[in-house]
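The next block holds one structure in the form of structure tokens; read it before the comments.
Numbering (the working numbering), first residue to last: 219 to 906.
Listed below in structure tokens is the structure:
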């Protein structure tokens, strides 16, 4: 796209400034400083370089734009409105109000044209790395000779706060290693944050830092000189190997006589008097939310966008004629549609080969499932944060992704993220947002704390991202409490929109993978064991997908009477429940064993099903190697859990020390039923 001779960059930028200060003032809340300071940068990018189509925000080959400093949301809302997206001026007037399309921070799925939800600083630039990675990998997979159907840039605006966040280091380092030359970041270098001038606490040499990462660095340039920024972007687009950082010096709140270059411009309305003075200084004589038609005309990108997409459609038609199967596959992948019957075929194959015959750790069961799924689904993109051999996220179908010095890459589908859990999680969010891949990545469950905010963002954005968290309990033994997950499963279950699975054997693990892959609107967590787990015989395989199901009735151990209690267990503790059932049967006590691999999924079932699994009036005892708090909601009489940190010792020693034995589970049931406790047995942990 290119500016027309009639365009007036100053008026175009001032339109952004006016909309930003008016919307923030009307809402009496928001951040006018960044939009006012970055308005000229926005003119250079959006009017002269960004390839997009306001009439179709989902055009597959559009450039992606990320506002990493998402607090400046009125910048992107103004741009979307002015260029012709379905964001009328009424929505800008409703900035930060209930049910508007202009929430306080940009939210994907709410506002047409917003590519990712931003606000937690540093994650936007990291999402952008994921977007650019997906573009590079899809280009390698689908582009053939002259048919370059995947060919677009990822642009990101970011500020001082993004660069101070540690995740930006993780992301920028990987972008350099992967030679993402179509990633162009523009740094709003205004030297101001909420606490004032950043110099006392942000003394990095940003240019040298990014050069050390392997980036191309341009500038500093005058961020208020549209032509200078335009030229810098044009130069950045010539890079054939390196991602580019354009450093643009700006004045926060530009145009405001008394607030520019101060922290007061950052996060509060300018005030009526200051807005009046700003209008005078800018020469903007129009009423609030009034934009002259000639300015709208300069900004309008609808016709140009339609032409860009039409030209790409012609290229894609030629591609489809030459390579019909690849074209159909590309369309399927970008639509996020899974092949018919993929799940049942994979489940049947894995269960037939391994489900009932092998005693394996659920992390190994996960790899067995992945062998089938990655062979069937080329969109599965795996990885690990430097724990591949422990997480077992690699398969025969997913060789390691590698990039050569010239920027070319292989077709590998396993990403070595290095020791960068947070970066991995946020990059996977970007990959999912781009489309074409379903990302999954692994680390130890205890390190999910590093990833947590990106996991939350995936849930907020309803993205299909899968986290493989192994070493899920004190069962990892000698590594001790720093690595032993106690509170992690419970805390992850509390994230709205996230499904947490803790499977008990190979069959449950395969079903968990099926559910995670098949759910296009939710991220998932698989919490997997290091220690081996036996197969639990079952007759209700289909009910596993409901999150909780009856695994064994009293009749399984020769008791013909109705169950006197229900033992609910997850993961590795299901085997304890099954053994406790046998011990109780020796005393004529019949219990039902319920395996609950996903409380999140079980809780979404209808009341009738939940009552059929957990009948009213029957005492319930939960067993899980983690904090007990989450289990009381099921009306448990007792919980065998652990409400302290672990210890360093071999796993069998720890199990006995903390009461995770079949004998202690059986005794806990006896106590709950008021039956005399067997002599010499331990009391339950976490009982109330």
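Just so it is clear, CB atoms sit at the ideal spot from N, CA and C, and this is done for glycine as well. Values in this document were obtained by computation on a predicted structure and should not be read as measured data.
Based on the DSSP output, what are the partners of residue 674 in its beta bridges?
Answer is none; residue 674 lacks a bridge partner.
Can you give the beta carbon distance from residue 792 to residue 809, rounded, assuming they're within the 8 Å contact cut?
No, residue 792 and residue 809 are not in contact; Cβ-Cβ is about 13 Å, not under 8 Å.
I need the DSSP call for residue 730, collapsed to helix, strand or coil.
helix
Can you check whether the CB of residue 604 is closer than 8 Å to the CB of residue 648?
no
Residue range of the alpha helix (DSSP H) that residue 467 falls in?
First-last for residue 467: 462-467, but that is the beta strand (DSSP E), not the alpha helix (DSSP H).
I need the boundaries of the alpha helix (DSSP H) containing residue 334, first residue and last residue.
Residue 334 -> no alpha helix (DSSP H), and no H or E assigned at all.
Are the Cβ atoms of residue 982 and residue 502 separated by less than 8 Å?
Here the chain covers residues 219 to 906 and nothing more, so residue 982 does not appear.
Might you give, ordered along the chain, the residues of its own chain that have their beta carbon closer than 8 Å to the beta carbon of residue 693, omitting 5 neighbours on each side?
747, 748, 749, 790, 843, 869, 872 and 873
Are there 16 or more other CB atoms within 10 angstroms of the CB of residue 520, so buried, or fewer, so exposed?
A residue is called buried once 16 or more other Cβ atoms fall within 10 Å of its Cβ, and residue 520, having fewer, is exposed.
Quick one: is residue 620 buried, meaning 16 or more other Cβ sit within 10 Å of its Cβ, or exposed?
exposed
Are the segment 408-423 and the segment 362-372 in contact at 8 Å, needing three or more beta carbon pairs?
The segment 362-372 and the segment 408-423 do not touch, with fewer than three beta-carbon pairs separated by less than 8 Å.
Evaluate the contact criterion for the segment 307-326 versus the segment 261-268: three or more CB pairs, one atom per stretch, below 8 Å.
no
Buried or exposed: which applies to residue 799, given that a residue is buried once 16 or more other Cβ atoms fall within 10 Å of its Cβ?
buried
Comparing the CB of residue 601 with every heavy atom of the ligand ZN, is any distance shorter than 7 Å?
In terms of ligand content, the structure shown is empty, and the ligand ZN therefore cannot be addressed.
Just tell me which of 320, 766, 612 and 387 has its CA closest to the CA of residue 247.
320
Measuring only the C-alpha atoms, how far is residue 287 from residue 734?
Rounded to the nearest whole angstrom, the CA to CA distance from residue 287 to residue 734 is 31 Å.
Do you know how far the Cα of residue 597 is from the Cα of residue 356?
10 Å
So, with DSSP's three-state summary, where would you put residue 915?
For the chain, the structure presents residues 219 to 906; residue 915 sits outside this window and is missing.
In terms of residue numbering, what span does the beta strand (DSSP E) encompassing residue 295 cover?
Looking at the DSSP string, residue 295 is not in any beta strand (DSSP E); the run it does join, the alpha helix (DSSP H), is 291-301.
Is it the case that the Cβ atoms of residue 719 and residue 816 are separated by a distance below 8 Å?
For residue 719 and residue 816, yes; Cβs fall inside 8 Å.
Considering Cα atoms alone, identify which of 757, 377 and 775 is closest to residue 813.
The candidate whose alpha carbon is nearest that of residue 813 is 757.
Which parts of the segment 545-632 are runs of the alpha helix (DSSP H), unbroken and 4 residues or longer, counting only runs that do not cross its ends?
560-568, 580-594 and 606-609
Identity of the residues DSSP links to residue 649 by a beta bridge
As computed with DSSP, residue 649 is found in no beta bridge at all.
Between residue 406 and residue 346, is the Cβ-Cβ spacing less than 8 Å?
no
Reduced DSSP category for residue 459 - H, G, I as helix; E, B as strand; rest coil
coil
Alpha carbon of residue 588 to alpha carbon of residue 751, nearest angstrom
18 Å
Residue 350 and residue 335 closer than 8 Å at C-beta:
no
I need the DSSP call for residue 847, collapsed to helix, strand or coil.
helix
Counting pairs of Cβ atoms below 8 Å between the segment 629-645 and the segment 383-392, do you hit three or more?
yes
Which residue comes first and which comes last in the beta strand (DSSP E) that contains residue 448?
Premise fails: residue 448 lies in the alpha helix (DSSP H), 444-454, not in any beta strand (DSSP E).
Any idea which residues DSSP pairs residue 744 with across the strands?
686 and 719
Can you tell which of 297, 238 and 805 has its C-alpha closest to the C-alpha of residue 260?
297
So residue 689 and residue 701 are in contact, right, with Cβ under 8 Å, and what is the actual spacing, rounded?
7 Å
Cutting at 8 Å between CB atoms, please list the residues of its own chain near residue 417, excluding the five before and the five after it.
409
So, at 6 Å on beta carbons, what are the nonlocal neighbours of residue 435 in its own chain, with the 5 sequence-adjacent residues on each side left out?
425, 428, 429 and 463
Do you know whose CA, among 544, 866 and 507, lies nearest residue 306's CA?
507
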